[in-house]
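Position one of the sequence shown corresponds to residue 81 (the working numbering), numbered consecutively onward. Notes to accompany the following structure.
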Amino acid sequence: MTLRIGNFSGFYGDRFDAPREMLTGGEVDVLTGDYLAELTMLILARDRLKDPSAGYARTFLRQLEETLGLAHERGVRIVTNAGGLHPAGLADAVRALAGRLGIPVRVAHVEGDDLTARYPGALAAHAYLGGAGIAECLRAGADVVVTGRVTDAALVTGPAAAHFGWTATDHDRLAGAVVAGHVLECGTQATGGNYAFFRDSGGLRRPGFPLAELHADGSCVITKHPGTGGRVDVGTVTAQLIYETGGARYAGPDVTARLDTVRLSQDGPDRVRVEGVRGEAPPPTLKVGLNRLGGFRNEVVFVLTGLDIEAKADLVKEQMGEALAKSPPAGVRWELARTDRPDAGTEETASALLRLVVRDPSQEAVGRVLSGAAIELALASYPGFHVLAPPGKGSPYGVFEDVYVPQGDVDHVAVLHDGRRVTVDAPHDTAVLDDVPPPALPEPLPPGPARRAPLGLVAGARSGDKGGNANVGVWVRSDDAWRWLAHALTVERFRELIPEARELPVTRHVLPRLRALNFLVEGILGEGVAAQARFDPQAKALGEWLRSRHLDIPEALL
């Protein structure tokens, strides 16, 4: 018995016509749509400040208007976290849409994640619920299930538990579904999107969305509809498996999945078998994501062209420093990006960028103060003075942090399509999360000639954000490359290659079955993506920067 679960959205703003593609491209039983991220919750919270009836992903309604009839005809159920901060409101809107279209669908929703009232000053505080509420809704016959904040993998564990009759103690099976859900959650990242070896991914211009053929024992095959772009192979699945994860234990409210037990194998063209996943009892606590306003920020980017770049930067820093000293913002940060080249063939490639970012609780302190100081220098500073754009009034920025509460402190409720409310009990079997002892490393490669070359000639990488931290997963595609990587890319070497990490806590996790290392860099993103503390605030390209760095690589691997 196989349950085919597909994905049609990896974020709020993903490909609009993906639901239709998934419904018409091949067989599927359940479609899942993931719309939420830390930044999305802040955006929805600000929407709700302006309109109390807002707070959910309105794009989903427009997508559903075009596809609800098709899903109903084909018996495909839809599960989505597009409810955001207002799942009941979105469920009502879906019912109204179905009534207007004359489609008899049963709509249920899950609530209880909203803990904002417990955290004064927070714009949004939401617990990451598991899939048990979704399962209750589906068992009762719902065709569409809308949730608020659940874990991304819950969109798969819920349908799987409902379909196969799993209980809360079926840890291995649930862990297999978590792994499948983690692979699906970011949509086309599993089918070649954002893939380190993208030149190997045929037809990447429009990769298809992924689906999992899930089995009763928790194993699955990751694939995509026939004829769609991109590819599914062990590499694309590995890349997604180590995205935004930490160590061997991948904890969630349903189960803790052991990523060090995952076995991947190619099962044919665009088919990867995932098996052997072991699960453990979930932790006794739930993660709660808190979003609040951190204040206001503004920036101006000075363009420095030609000769004497460093001296020009020093001059404008000195001039701006004197102006800002009259009413200093709480935070001032300068960054000089040496994008200039000597004897450049274009003015743009002869120019460097000097970015000034200011932050303050007061909008006025980052608005007129900054813009006035910067624009007044137009005729009184370095030769060739200009900026990319004049600074504005300053905009609010958000701060994200996570806290943890006991699972039993959250009122997890499934609101069924007929209005009945079913309380979802917290799991009785839990286990405090501990690190897994480091596994044995493979035998190193024998000594031989080496050549200075980019790491990316041998290794792939994918990176992302978790609050103020970033993870960088690095993997290789052969046993010999693994024998080298496991010994060569230590924490010390990582810090050498990524200078930003030199003064930060860095933890290395080893995943031999995936031939992968996962580095967690704490604090590199400051107070989270909404605070925009660095050039790449979500660390999306941190792994690609690492791949571009040079080190001594055995010639046998090149």
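C-beta: ideal position from N, C-alpha, C; glycine also. Since the model is a prediction, treat every value here as computed from it, not as a measurement.
Contact between K546 and E265 does not hold, since their C-beta atoms are separated by about 14 Å, which reaches or exceeds 8 Å.
Each of T419, P363 and G359 was checked against the Cα of L254, and the nearest Cα belongs to G359. K367 carries a strand assignment under DSSP once its states are collapsed to helix, strand and coil. Here the C-alpha atom of P306 lies approximately 9 Å from the C-alpha atom of G288. One Cα belongs to G272, the other to A240, and the distance between them is close to 25 Å. Using a Cβ distance threshold of 9 Å, T318 and G179 do not count as a contacting pair. For the 9 Å CB-CB criterion, V380 and V412 do not form a contact.
Around the Cβ of H189, a 10 Å sphere holds 16 or more other Cβ atoms; the residue is buried. Around P592, the same chain offers P519 as residues with beta carbons nearer than 6 Å, after the five sequence neighbours per side are excluded. Across the structure, V446 and I455 are spaced so that their CA atoms are roughly 14 Å apart.
Ranked by Cα distance from G425, the options W414, G327, W555 and G386 are led by G386. In the same chain as A234, and ignoring 5 residues on each side of it, the C-beta atoms closer than 6 Å to its own belong to G210 and G211, in chain order. At a Cβ-Cβ threshold of 9 Å, H251 and V156 do not count as neighbours. In terms of Cα proximity to Q320, the closest of G553, H497 and A611 is G553. For the set G182, N551, R532 and R286, the Cα lying nearest the Cα of D94 is the one of R286. Residue range G411 to A417 is occupied by the beta strand (DSSP E) that includes A417. Ranked by Cα distance from A410, the options M81, D423, F382 and G375 are led by G375.
According to the DSSP assignment, D440 belongs to the beta strand (DSSP E) that extends over S431 to D440. Across the set L525, G608 and L594, the C-alpha of L525 shows the shortest separation from the C-alpha of A636. Where R448 is concerned, the enclosing alpha helix (DSSP H) starts and stops at R448 to I455. Your pair A568 and F574 does not check out as a contact, with CB atoms roughly 10 Å apart and the cut at 8 Å. Here the alpha carbons of R338 and D193 stand approximately 25 Å from one another. One Cα belongs to A257, the other to G238, and the distance between them is close to 9 Å.
Annotation for A541: no alpha helix (DSSP H) segment contains it, though the beta strand (DSSP E) segment containing it runs A539 to K546. Nearest in C-alpha terms to L177, of all of G149, G164, P364 and A613, is G149. Note: C300 is bridge-paired with L294 and V354 in the DSSP secondary-structure output.
If the five residues before and after R84 are omitted, its C-beta is found closer than 7 Å to the C-beta atoms of E107, V108, D109, L291 and E293, all from its own chain and listed in chain order.
For R351, the closest C-alpha among the options R311, L366, K367 and V342 is that of R311. Checking the DSSP bridge columns, you'll see F382 partnered with L434 and V467. The three-state reading of DSSP puts S133 in coil, since its state is none of H, G, I, E or B. Note on geometry: alpha-carbon atoms of A204 and G213 lie some 21 Å from one another. The shortest CA-to-CA distance from V187 to any of V225, E624 and V490 is the one to V225.
At the C-beta level, P333 and L513 stay beyond 9 Å of one another. Under the three-state reduction of DSSP, I123 is assigned to helix. Taking all protein chains in view, the Cβ of R418 is surrounded by fewer than 16 other Cβ atoms within 10 Å, so the residue is classified as exposed. Taken through DSSP and simplified to helix, strand or coil, W555 comes out as strand.
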